[in-house]
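For the sequence shown, the numbering used here assigns the number -9 to the initial residue and increments by one for each residue that follows. Glycine included, C-beta positions come from ideal geometry on N, C-alpha and C. All remarks here apply to the structure that follows.
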Amino acid sequence: MRRKFFAALIAGFMLLAFGITSFAKPIVIKFSHVVAVDTPKGMAANYFAKLVKERTHGKVIVKVYPNAMLYGDRAAVEALQMNAIQMACPATAKFTGWLPELQLFDLPFLFKNAKHLHKVMDGPVGQKILQLFRRKGMVGLAYWDNGFKVLSNNKHPIVLPKDCKGLKFRIMSSRVLEAQFKALGASPQVLPFSEVYSALEQGVVDGCENPWSNLYTKKFYEVAPYTTETYHGYLGYVLITNAKFWDSLSPKLREIIKGCVKDATEYERKLAAELTKKQRALVLKDPKVKDVVLTPEQREQWRKVLVKIYPQFYKSIGKDLIDEAIKEGQGL
Ligand code: LMR
């Protein structure tokens, strides 16, 4: 009789515990970004949301807001610091004012290729930079890729650096990008990503710089059909979360989400490489697009002009970090 009573009591407790957990409201992570859904970042954000839902059995739900529908550009970082959103994945250039060391990733001609870039991101330099996010109430979870940038404009074909003289280029709010276009004799103009198409259309700017994926998905080539494959700099992201939110999760949930970040990062980087090729081909299919592919000698001229801006950033980024990053590329 006593045994039956205890069995019923335990069953009652289990039912109650199960009931409480299964009816408990899920933890919601609002994830805001500015690009289209069919970009590497857009697709990986959705993949990450799927993994989190599956692996936490619905205890954590990631709601993804693409195309700057919640916040544009830098506003997303401010919103994240206030915990109005819990995740974002802004381009490294957007952190200029908060964490100047991140500008390393925007320096033109710093990375020889994707292998070099990933060696820096995943090695001591990149990991040291990720730790800095705590200083600003954020946690840097991972680096996500987009790709190396091409120029596009609606005035004339650009082959050499001198062809940029006098042109107005849209930039993200980044001191490195500002210095880069000034070194080319062009005039840089800061604009949010969501305004680039209309700014090109209305002549507010003449050109912009983007990886193929952004150029294709936002159709910038329709209003800036002269493309130049300079691949002078890189555009990539840091997946970030609010530090207080992150610390409030149970260690078990944090471990599960870390695993989802790892798998989504692997997926994202692979996808970025694939989409770059695919979306470049789609842009070039448009008969209005006039594309310039540089010879190694022409590209060397760009490199010589643009590396001259490095000393301006020795102090804010740290010369040691720049030198260490360059060293990682030896032999690659
Ligand atoms: C930009 O403003 O050009 C980028 O931040 C867009 C992106 O890929 O997030």
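In three-state terms, what does DSSP make of residue i?
{"i": "residue 224", "result": "strand"}
{"i": "residue 141", "result": "strand"}
{"i": "residue 218", "result": "strand"}
{"i": "residue 70", "result": "helix"}
{"i": "residue 29", "result": "coil"}
{"i": "residue 154", "result": "helix"}
{"i": "residue 309", "result": "helix"}
{"i": "residue 193", "result": "coil"}
{"i": "residue 115", "result": "helix"}
{"i": "residue 251", "result": "helix"}
{"i": "residue 52", "result": "strand"}
{"i": "residue 61", "result": "coil"}
{"i": "residue 318", "result": "coil"}
{"i": "residue 202", "result": "helix"}
{"i": "residue 92", "result": "helix"}
{"i": "residue 11", "result": "Unreliable positioning characterises residue 11 in this predicted model, as indicated by a pLDDT of 48, which lies under 50. The coordinate reading is nonetheless provided below. It is helical."}
{"i": "residue 176", "result": "coil"}
{"i": "residue 21", "result": "strand"}
{"i": "residue 276", "result": "coil"}
{"i": "residue 213", "result": "helix"}
{"i": "residue 246", "result": "helix"}
Relative to the C-alpha of residue i, which residue among the options is closest?
{"i": "residue 289", "options": "158, 150, 299, 314", "result": "150"}
{"i": "residue 39", "options": "296, 252, 297", "result": "252"}
{"i": "residue 144", "options": "299, 295, 297, 281", "result": "281"}
{"i": "residue 255", "options": "23, 30, 18, 17", "result": "30"}
{"i": "residue 91", "options": "319, 318, 314, 320", "result": "314"}
{"i": "residue 60", "options": "118, 22, 88, 93", "result": "22"}
{"i": "residue 77", "options": "298, 128, 88, 122", "result": "128"}
{"i": "residue 51", "options": "63, 62, 64, 35", "result": "35"}
{"i": "residue 298", "options": "172, 119, 320, 108", "result": "172"}
{"i": "residue 284", "options": "116, 17, 88, 222", "result": "222"}
Suppose the cutoff is 6 Å on Cβ atoms and the five residues either side in sequence are ignored; what does the same chain contact list for residue i look like?
{"i": "residue 105", "result": "322"}
{"i": "residue 155", "result": "175"}
{"i": "residue 201", "result": "136, 137, 139, 225"}
{"i": "residue 293", "result": "99"}
Once you ignore the five residues that flank residue i on each side, which residues in its own chain have a CB closer than 8 Å to its CB?
{"i": "residue 211", "result": "142, 205, 217, 273, 276, 278, 279"}
{"i": "residue 74", "result": "20"}
{"i": "residue 196", "result": "143, 144, 145, 157, 158, 159, 190, 214"}
Using a Cβ-Cβ cut-off of 7 Å (strictly less than) and excluding sequence neighbours within five positions of residue i, which residues of its own chain qualify?
{"i": "residue 26", "result": "32, 56, 57, 207, 208"}
{"i": "residue 308", "result": "91"}
{"i": "residue 178", "result": "159, 161, 167, 168, 171, 172"}
{"i": "residue 95", "result": "82, 224, 226"}
{"i": "residue 148", "result": "141, 154, 216, 218, 282"}
{"i": "residue 182", "result": "62, 63"}
{"i": "residue 122", "result": "89, 91"}
{"i": "residue 266", "result": "137, 201, 202, 203"}
Given a threshold of 16 other Cβ atoms within 10 Å of its Cβ, counted over all protein chains shown, does residue i qualify as buried or as exposed?
{"i": "residue 180", "result": "exposed"}
{"i": "residue 238", "result": "exposed"}
{"i": "residue 332", "result": "Because the chain spans -9 through 322 in this model, residue 332 falls outside it and cannot be assessed."}
{"i": "residue 263", "result": "exposed"}
{"i": "residue 84", "result": "buried"}
{"i": "residue 162", "result": "buried"}
{"i": "residue 130", "result": "buried"}
{"i": "residue 310", "result": "exposed"}
{"i": "residue 132", "result": "buried"}
How do the stretch 238 to 245 and the stretch 61 to 70 stand: do at least 3 beta-carbon pairs fall below 8 Å, yes or no?
-> Taking 8 Å as the limit for Cβ pairs, the verdict is that the stretch 61 to 70 does not touch the stretch 238 to 245.
Check whether the stretch 94 to 101 touches the stretch 33 to 47, taking contact to mean three or more Cβ pairs, one atom from each stretch, closer than 8 Å.
-> no
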